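Written below as structure tokens is the structure these notes are about.
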Amino acid sequence: KGLAKLNLFIYLEYLLKLIYFSNYLNIKEHDILNITKYTSPWQERKPQKMKMWIKSSIVCLLHLLLLHQSQYSSAASTLENFTQCVSLNSELSVLPLSTVLFTPEDSFFTSILQSSAQNLRYLVPSAPKPEFIFTPLHDSHVQAAVICSQQLGLHLRVRSGGHDYEGLSYVSEIETPFIVVDLSNLRQVKVEIEDNTAWIQAGATVGEVYYRISQKSKVHGFPAGLCTSLGIGGHITGGAYGSMMRKYGLGADNVLDAQIVDVHGRILDREAMGEDLFWAIRGGGGASFGIILWWKIKLVPVPEKVSVFAVSKTLAQGATKLLYRWQQVVDKLDEDLFIRAIIQVVSGSGGDKSQRTIATAYQGLFLGGADRLIGVMEKSFPELGLTRKDCTEMSWIESVLYIASFPSGTPPEVLLQGKSTFKNYFKAKSDYVKEPISEAGLEGLWKRMTEEDSPLTIWTPYGGMMSKISESEIPFPHRNGTVFMIQWLSLWQDGEKDSVKHFDWIRKVYSYMAPYVSKFPREAYVNYRDLDLGMNKKNETNFIEASGWGNKYFKGNFDKLVLVKTMVDPDNFFRHEQSIPPLPNSSSQRIGCPSA
């Protein structure tokens, strides 16, 4: 009798809630029909028609109720609504959700926001800040974050390690309000040496992964990044290159399975998501298709002892001719050998800043002993003049610390801290080189580098396994024919004060290098995001405009990525300034309200 007195809208809400919770209360469909038999305004309908009406009403009613969400929670804050929603949609919460949600008013908010952010440009007061930061403790919290963000109309950014060069994992220039889902609490690493595999949560750092592998075996490793504070979740979505790439390919080339939260809040593994989506998440860029929870990786063999070295040359010591020779041989060297070139500007003798010059450092890793390394170098690159005294033999995990520039003697346990050795204000760009840059071209580059306060460029060799894997095997396309990749960086410490000057410098260098690098398209590495290449607009995606940067990052794979996006996220919930767009008019067909 009481139900019959309710107005129509409240009745519909009641019916929807009853249907929604029927799974939990074990109420069968015929029970719902019995409950409504004498109270429904449509009680004259036959049971079969009533069943059809109930089924067709569910989606429409849910849509109506979500549109009226504010009417029922106007007194509650967005945070309170989110907390309630997550509680309803999570399987497990060991601690109160208030302990994993941080607003700008909380004392820990700033420290958490800055904890893994690498580019200080996006931590200045003028940078947009999230409504709150959510640090999930359980996979179901991530599922709930997706569900609840959609229900509450919140834009979502996801951060695993905070190394996004344009801060896209924790800053939104085009969407407000937005929240940050920080995965730093989800960092388990489960190593199975017997199977040569490991399951890794997205919040673990590369250094933690390496350390946990080394705990179980001295002859296993994983071919991913050189920077140990990289978050493995986002790192692999862009490809994940490192010092063993010439031997084993990218980190993404060595992924066997994954678990991802899709736009519907479901956890999907490789079998459930299908091969197209599994292809897209391994190198197609982060935060376009879902939220990575776990990666299953294939471990690779490493010798008990590897060899490392570093040799530096200035212009006075023939750096230009040596670097030209390096370009000619570096992609053809033994696959066990990785030599990158790090190029900086240094002061003249006695620290004279008026006599600045170029210094090139050749940093190498060899998967073998020093004696064999010397033999390889004498045959393939004698111009470097490497001697046995330049080489140090060590375990693979010790070489991780060496390449990451930790001080000599640092214990491997430091990798568990996940701390970055690189935090600056910076702007970055990237290039791929197909033919050696001439000595004249290098000399023009040196002139421009000495005009900047603190420039840095890192040249990473390709060849080996990188040339054997097809461009379309995964979305990362920079394979056969690439001699090396260039990372361009301008670094500064004076905040926003002279940022325009530094931006201007790196753009001029990028323009100067155009004749010497890849063309049609001028390729770029997606994990070195560069918003100068273009960006999505608020509430709008344009396939043609997105092709501008999409073809640079993914070449011919961009079109397939768009098709996968259209299939799995047609409404473009997972989006950011350079996310993969769905095709226009791809939204799933809306179901209208049934006629009475």
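Heads up, the sequence shown is in the UniProt record's numbering, so the first residue is 1 and it goes up one at a time.
The beta-carbon is built from N, C-alpha and C at its ideal position, and this holds for glycine as well.
Since the structure is predicted, the reported quantities are computational estimates derived from the model, not experimental observations.
- In this structure, the CA atom of R340 is about 18 Å from the CA atom of T387.
- Ranked by Cα distance from F520, the first of L531, I506, M535, N551 is N551.
- Counting along the chain, I179 sits inside the beta strand (DSSP E) bounded by residues 178 to 182.
- In the DSSP assignment, S430 forms a beta bridge with Q487.
- Here K298 carries a strand assignment [DSSP, helix/strand/coil].
- Taking C-beta separations shorter than 6 Å and ignoring five residues to either side along the sequence, the partners of H576 in its chain run L168, A287, following chain order.
- Taken through DSSP and simplified to helix, strand or coil, L365 comes out as strand.
- Under the three-state reduction of DSSP output, A316 falls in the helix class.
- In the displayed model, D257 falls within a strand according to three-state DSSP.
- When the alpha-carbon of A145 is set against those of A198, L123, V206, N81, the nearest one is in N81.
- Within the segment 445 to 533, complete alpha helix (DSSP H) segments of at least 4 residues are found at 465 to 468, 499 to 512, given in chain order.
- D371 is classed as exposed because its beta carbon has fewer than 16 other beta carbons within 10 Å across all chains shown.
- Per DSSP, the continuous beta strand (DSSP E) segment holding I343 begins and ends at 337 to 346.
- Residue pairing by DSSP places V189 opposite I200 in a beta bridge.
- Under the three-state reduction of DSSP, C391 is assigned to strand.
- Residue environment analysis places S160 among the buried positions, since at least 16 neighbouring C-beta atoms fall within 10 angstroms of its C-beta.
- DSSP places R159 inside the beta strand (DSSP E), whose first and last residues are 155 to 159.
- Residue environment analysis places E398 among the buried positions, since at least 16 neighbouring C-beta atoms fall within 10 angstroms of its C-beta.
- By the 16-neighbour rule on beta-carbons within 10 angstroms, T110 is exposed.
- Counting C-beta atoms within 10 angstroms of its own C-beta, T482 has 16 or more neighbours from the protein chains shown and is therefore classed as buried.
- Nearest neighbour of Y324 by Cα position, chosen from Q151, I580, K296, S438, turns out to be S438.
- Taken atom to atom, the span from the alpha-carbon of K190 to that of A361 is near 36 Å.
- Across the structure, Y402 and Y241 are spaced so that their CA atoms are roughly 17 Å apart.
- Per DSSP, M535 lies in no alpha helix (DSSP H) and is assigned neither H nor E.
- The three-state reading of DSSP puts L268 in strand, counting E and B together.
- Between the alpha carbons of T320 and E435 lies a gap of roughly 16 Å.
- For D371, the enclosing alpha helix (DSSP H) covers residues 370 to 380.
- Between the segment 537 to 548 and the segment 254 to 265 there are fewer than three inter-stretch CB-CB distances shorter than 8 Å, so the stretches are not counted as touching.
- With fewer than 16 other Cβ atoms from the protein chains shown falling within 10 Å of its own Cβ, A272 counts as exposed.
- Residue ranges of uninterrupted alpha helix (DSSP H) with 4 or more members, entirely inside the segment 84 to 129 and ordered along the chain, are 109 to 114.
- For the pair K332 and P382, the Cα-to-Cα distance works out to about 14 Å.
- Look at H138 here: in three-state DSSP terms it is coil, with no helix or strand label.
- Its Cα nearest to that of T78, the residue F178 stands out among S511, L120, F178.
- Just measuring C-alpha positions, the residue of L152, P125, P301 sitting nearest H220 is P301.
- Under DSSP, G231 shares a beta bridge with T205.
- Take the alpha-carbon of A117 and the one of F574: they are about 21 Å apart.
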